[in-house]
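Protein chains in written order, with our numbering: chain X, 1 to 739; chain S, 740 to 1061; chain U, 1062 to 1272.
For glycine and all other residues, C-beta sits at the position ideal for the given N, C-alpha and C.
This one's a predicted model, so the numbers in the text were calculated from it and none came from an experiment.
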Amino acid sequence: MKFDTPAGTNPIDTMAVVGRAHDRIDGPLKTSGTAPYAYEHHDVAANQAYGYVVGAAVAKGRIRALDTAAAKAAPGVIAVVTAADAGKLGKGKYNTVKLFGGPEVDHYHQAIALVVAETFEQARAAAALVRVDYARTAGRFDLDTALKTAPLTGGDSAEGSGAPPVDRTGQFEQAFAAAPVKLDQHYITPDHSHAMMEPFASLATWEGDSLTVWTSNQMIDWGRGDLATTLGMPKEKVRLISPYVGGGFGGKLFLRADAVLAALGARAAGRPVKVALTRPQMANNATHRPATRQRIRIGATPDGTITAIAHESGSGDQPGGGPETAVNQTKLLYAGKNRLTAMRLAVLDLPEGNAMRAPGEAPGMMALEIAIDEMAEQLKLDPIEFRIRNDTMVDPEKPERRFSERQLVRCLREGAQRFGWSRRSATPAQARDGRWLVGMGVASAFRNHINYPSGARVRLGRDGRVTVETDMTDIGTGSYTIIAQTAAEMMGVPMEQVTVKLGDSAFPVSAGSGGQFGAANATAGVYAACVKLREAVAQRVGVNSADARFSGGKVVSGNRTVPLTAAAAQGELTGEDKIEYGGLDKTWQLSTFGAHFVEVGVDAYTGAARLRRMLAVCAAGRIINPKSARSQVIGAMTMGVGSALMEELAVDTRFGLFINHDLATYEVPVHADIPHQDVVFLDEADDKANPMKAKGVGELGLCGVGAAVANAIYNATGVRVRDYPVTLDKHLSGLPALV
Amino acid sequence: MRSFTYERATDAVAAARAVAQRPGAKLLAGGTNLLDLMKLEIETPTHLVDVQDLGFDTIEKTSEGGLCIGALVTNTDLAADARVRRDYGVLSRAILAGASGQLRNKASTAGNLLQRTRCPYFYDTNMACNKRKPGSGCAAIGGYSRQLGVIGVSPSCIATFPGDMAVAMRVLDAVVETVDAGGQRRSIPIADFHRLWGDHPEQDTTLRPGELITAVVLPRPLGGEHFYEKVRDRASYAYALVSVAAVIQRDGSGRVAFGGVAPKPWRVEAAEALLPQGAAAVTARAFQGATPTKDNAFKLPLATRALAAVLAQAGTPAQKRG
Amino acid sequence: MSDTAGFALSRRGVLAGSAASAVAAAAPAEAALQRMPASATPTMPVRLTVNGEKRELALDPRTTLLDALREHLHLTGTKKGCDHGQCGACTVIVEGRRINSCLSLALQHEGDEITTIEGLGTPGKLHPMQAAFVKHDGYQCGYCTPGQICSAVAVLDEIKRDVPSHVQGDLTAKARFSNMELRERMSGNICRCGAYSNIAEAVADVAGERA
């Protein structure tokens, strides 16, 4: 199905199932521990052996000698695989750095060997016996140093966020120089780790030259293709199965070392092998969100009209990598005639930087939305009013392009009213509750929606059961449920009559889970397949599909009513199709908007900041399942709190690694950090987006939260911190003196 | 994790003997720290003597009016004991501020005293660490040291003792009771139990090889108000940046020890005399000679402010403190 | 940092690297001693009662309770998130108390009664806590969920048994349920998807309280 004109009325608009809150259909499995994750498929292959990954002990250099004799001789060991004996390996299209190192070592904890043994305990012990002699070479590990000579570089996250090296509209420098009110500030965001709860894990089996891998991956087709490329085999010979994914956040968008090594280990061992990265290996072996150094300049008239805005960002990555596109939102979020964005990319020998939830916007909004708060204060304007004054209904760089939907102002106003924003003191450091300095903060939320082709197959069984098959994944996003809702709505059957099968490369290729594009595109693909199935049903029962209604388990056309079971009585019917897109996203700017409101308490003694209340108001197209969509947003808000208050991969610039590489030292929020969270979705149905009229929310919920927290802390303390995370040491000296 | 053999000891002296006679043998109580370290081969015992059947799991009143806490009393049970909650609130609060409910259910009193540092360079076996491998150097010096020690550290090691419970025990003047392979008993004041690193950061405590902790004895209750102020980046389940254990009397006198700053619970008795002059006077004395790094210099003002928070609360009802 | 300084420190890194090699270098002799077929790996017997069922296993002493459950009994509902006591995904209830099964050897649990997520309820017959998690959407990816649920069940019992908490105002008062109490007590279970606010509501629902 080609989607190239705005959606008219369609069966989804019935909203008998879509748009209503549903418990997740996979809930009983997940809550009873019976949903199988990658390392848990005991039943699919007999005689599974255990692989344990050896990571490089240096960040950059060459392996002079790799002695596996002791490991091979250790009890239970079946095979030891190194890059030297793995045969020629390719590099996946989506990987910046090769996944199996040696003799060159590209980064710390890059996989350099796999030990396969009868048991996990034996494999782990033998892995420690692999002796490696490294010739360590100097590496580039310090972002600030590397940025001094880094070139301007454009880039695209492939997830709806991108910018050229330099992009200009109007005359920024002149306009900024002439502006009566100016802001020129620098902001720092550190490297972040996805830290998903399920470690990278894969189980691989070979049957002849065919490979099957049960894994934990967000993008089945990318993973399948890149595994084939890496192993130098035809894509058709590789099957990836990933029915449950224990969190990804962008870390599992790509093929990673666990899958490659499981496949190589299984080949060497001649039996199924499963491999999981250990928690301490994850931060350096896998990818991370790169740190940024950002500079923002805003010029405005005294009434608060932005006349000039510039956002520059620098980040680093391995050779061949891309920039963190932190300037993207600044191209679209606020009006202003004279604009500049620029990005620099330094080459670093730290682990590979890549997408993490809302790449680009997440760190970009952390900076921009502090800058807006600072500018509003200079202008003596309420920060909400300042944002509203600079709202735009068109792409500020290309005024002929309108936003398909843009309810930013309503989000801000609705949120302000619900949150009690009027009680906030414009002057910071005024409110106190016992030992707590109390402050409120706000930030806009913004994230683009992107179109991505997505396919599905829908079968109507003889028993009237509808089965959906697509390689779409559910990474906690609620895909199972929204796909069931879509099929139920389209085929006119109750949810209970729909089976959803996901995450298998044997199924049609979907959008996958990334860039908050999964829900809208995958359900649109299911919509397309259902249209095909409806046609098949109509043809079978001899009615015109154009005027057939599907509801209550029946097909109704004119005065004819046929039960679906009758339609399939002579044999199963199948509809398969994919959604593809024309140029609507060129004509219209498809974006999602929101507003984040936060109240914090900062301990007047210790400076520790704790959240007291949080609210997000979102406008993101039709919300397919308000229950799981709300969960996506509160989860994103939680991650935003982490980035505001505690998350930072600490770079040891001497040895070139993230030294706090476990969950005790890379702190993420715990229960005690997160108060009750409120989420409001504004009514919206975006007919320019897709037939579902839906967009994404999973990343929108993150974009801006960090700045809202930082702004609230400033409002509480009067000390502005522009260097994330806002830990107590950064404002301690500015807190009230002790009595 | 290297291979090891495993036995369950049935009496304390036999357990001590099993460890003393066998190089590479170690005692296993809750295991929450030892197993963590064994998985990384930071600890590599060849034999484990599981002491869970030894008893030592009760809290008894002593003839001096104090409490004798069995070495194997879990952190949860110790913190929940009605006498501890009433008379040694600082201890209960310190324990409850540490780790998680699950860990406190498993971790023992003795094991908590013996927990090793959480320095990230100690935890990464590719990094030089004098504590893990004597003579290899200290990668933490000049590295990421935000969590590390500001006082009592040495050119060999700047790690901290990470625990909370022991900081409270330090203000309570607890005594660690041990027995060795020969059946010899010893009482070690908590002040002498943990070592300053000096040239031997590999030795955390003054325990001798094979010596087994049987109990921790608390002297008679001190009265006064009890506080444990723990400062950390996240609200729970995190090690202290700085903590303050304090018992403050009605007249303003009291006892104070700091956690998260040194190789051992940091208490300077001479500084306590300055309590009536306020927090800054106390910490100025207690942290005299401190050698912070650029990353962790904030711990010094933070210690002052955390103590000030305690002193401000002294005299107000517990329910109002929140 | 200047390039020169970087280099000087790099050389020290070689030392660190060699130190790692040296550790391994000492090992071959020991490995040779241990050279034996896999079947000869010494095991020890252990008897556990898991979800009411008596199980007897012969295990490598290094086997954690977590791996015994997941790899030997194929009870994979208990999750391995970090294997170091830093996340709580492996939480099970042993002798009525929740613990991290990753930081316990199976051998330490001879004769113990263990309840895992599978023992609380099944998809067709959920435990009230499991059902409340579904109702309140107290999970997303589902990986930390069994640990959260085991912990939540145990937390309500801990409050009933008057186990105090860090956020309790008056230590001598009896432990009580509140939103802040719950959040503190559940803090050993990390949920990176960030379902905390919903989990608090699910547990409060079961406890008969408002979150």
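- In this structure I808 (chain S) touches L957 (chain S) by the C-beta definition: roughly 7 Å separates them, less than 8 Å.
- Under the DSSP assignment, N844 (chain S) falls in the alpha helix (DSSP H) whose first and last residues are G840 to K845.
- The beta carbons of T1030 (chain S) and I890 (chain S) sit closer together than 8 Å.
- Judged by DSSP secondary structure, T1176 (chain U) falls outside any alpha helix (DSSP H) and instead within the beta strand (DSSP E) spanning E1174 to T1176.
- By the CB criterion at 8 Å, K1038 (chain S) and L980 (chain S) fall inside the cutoff.
- In this structure, the alpha-carbon of I1210 (chain U) lies about 13 Å from that of R1158 (chain U).
- V679 (chain X) and A616 (chain X) do touch by the CB rule: their CB atoms are close to 5 Å apart, below 8 Å.
- Of the residues assessed, G92 (chain X) falls on the buried side of the cut-off, its CB having 16 or more other CB atoms within 10 angstroms.
- K501 (chain X) is outside the set of residues whose beta carbon lies under 8 Å from a beta carbon in chain U.
- Rounded to whole angstroms, the separation of the alpha carbons of G492 (chain X) and V58 (chain X) is 59 Å.
- Residues of the region 599 to 613 of chain X with a C-beta less than 8 Å from any C-beta of chain U: none at all.
- Listed along chain U are G1203, each with a C-beta nearer than 7 Å to that of A35 (chain X).
- Per DSSP, W436 (chain X) lies in no alpha helix (DSSP H) segment; the continuous beta strand (DSSP E) that holds it begins and ends at W436 to N448.
- From the beta-carbon of S733 (chain X), the residues of chain S found nearer than 9 Å are F1037 and P1040.
- The beta strand (DSSP E) runs of length 3 or more contained entirely in the region 664 to 733 of chain X are, from start to end of the chain, 677 to 681.
- Ranked by Cα distance from W436 (chain X), the first of X:F100, X:P243, X:Y605 and X:E40 is X:Y605.
- A straight-line Cα-Cα distance of about 24 Å links A177 (chain X) and R720 (chain X).
- The straight-line gap separating the alpha-carbon atoms of D826 (chain S) and Q1016 (chain S) is approximately 26 Å.
- Residue burial is scored here from C-beta neighbours: A35 (chain X) has at least 16 other C-beta atoms within 10 angstroms and is therefore classed as buried.
- A Cβ-Cβ separation of about 14 Å leaves Y1200 (chain U) out of contact with G1142 (chain U) under the 8 Å criterion.
- Here the alpha carbon of P736 (chain X) sits roughly 28 Å from the alpha carbon of P190 (chain X).
- Separation of the CB atoms of H933 (chain S) and D943 (chain S) is rounded to 7 Å, and the pair is thereby assigned contact status at 8 Å.
- Counting of Cβ neighbours within 10 angstroms places K398 (chain X) among the exposed residues, the total staying below 16.
- Using a CB distance below 8 Å, no part of the region 1176 to 1190 of chain U faces chain S.
- Within the region 206 to 226 of chain X, not one residue has a Cβ closer than 7 Å to any Cβ of chain S.
- For a cut-off of 8 Å, the C-beta gap from P1002 (chain S) to A898 (chain S) is around 7 Å, short enough to register as a contact.
- With a contact defined as Cβ atoms closer than 8 Å, S479 (chain X) and A519 (chain X) qualify at about 7 Å.
- Using a Cβ-Cβ cut-off of 9 Å, V721 (chain X) is close to nothing in chain S; its nearest Cβ partner there is about 13 Å away.
- At a cut-off of 8 Å between beta-carbon atoms, A836 (chain S) makes no contact with chain X.
- Not a single CB atom of chain X sits nearer than 8 Å to the CB of H1170 (chain U).
- In this chain, the beta strand (DSSP E) harbouring F997 (chain S) covers G993 to G998.
- With the criterion set as a beta carbon lying under 7 Å from some beta carbon of chain S, the members of the region 1152 to 1169 of chain U are T1152, R1158, R1159, I1160, N1161, L1164, S1165, L1166, L1168 and Q1169, in sequence order.
- Residue contact with chain X for N865 (chain S): present (Cβ-Cβ distance below 8 Å to some residue of chain X).
- Taking 8 Å as the cut-off, the beta carbon of H1145 (chain U) is found no closer than this to the beta carbon of D796 (chain S).
- The beta carbon of Q677 (chain X) falls within 8 Å of a beta carbon belonging to chain U, placing the residue at that interface.
- If you check the CB distance, I475 (chain X) and G248 (chain X) come in under 8 Å.
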